[in-house]
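Per my numbering, the very first residue in the sequence shown carries number -9; after that it's consecutive. Don't be surprised by glycine CBs; every beta carbon is placed ideally from N, CA and C. No experiment lies behind these values; they were computed from the predicted model shown. Have a look at the structure below, then the notes.
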Amino acid sequence: MKSYTYRIIIEPDENNTFHASVPALPGCHTWGESLEETRANVRDAIDVYLRSLKADGEAIPEDRGIEVFESIQFTA
-9 MKSYTYRIII
1 EPDENNTFHA
11 SVPALPGCHT
21 WGESLEETRA
31 NVRDAIDVYL
41 RSLKADGEAI
51 PEDRGIEVFE
61 SIQFTA
């Protein structure tokens, strides 16, 4: 069994909940009431997404993206 690692982006939304997306898996999104729930939900979403690709005979994508954070100072 091969292991895959994916970057997940979790952001608070306008409903005081959290939205999660997986950049390497287009359309793989979910949400949750808390960070913990969102993380559990996105793991489930990834599992379903990958199972669907496998069932359809499609390749499982690998996350080849690079995560970079930049801090700047700005005077308004």
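Between which two residues does the beta strand (DSSP E) carrying residue i extend?
i, result
"T20", "H19 to G22"
"F8", "F8 to S11"
For the alpha helix (DSSP H) that residue i lies in, which residues bound it at each end?
i, result
"S42", "L25 to A45"
Would residue i and residue j be called neighbours here (beta carbons separated by less than 8 Å)?
i, j, result
"G17", "N31", "no"
"P51", "L25", "no"
"I56", "Y(-4)", "no"
Just list the residues that DSSP pairs residue i with in beta bridges.
i, result
"P2", "F8"
In chain order, what residues of the same chain have a beta carbon less than 7 Å from the beta carbon of residue i, not counting five sequence neighbours either side?
i, result
"I(-2)", "A10, V12 and V32"
"L40", "I50"
With a threshold of 6 Å on Cβ separation, who are the neighbours of residue i within its own chain once the five nearest residues in sequence on each side are excluded?
i, result
"I0", "F8, A10 and T28"
If you measure from the beta carbon of residue i to each beta carbon in chain D, is any gap under 8 Å?
i, result
"I36", "Annotation note: the requested chain D is absent from the structure, which comprises a single protein chain."
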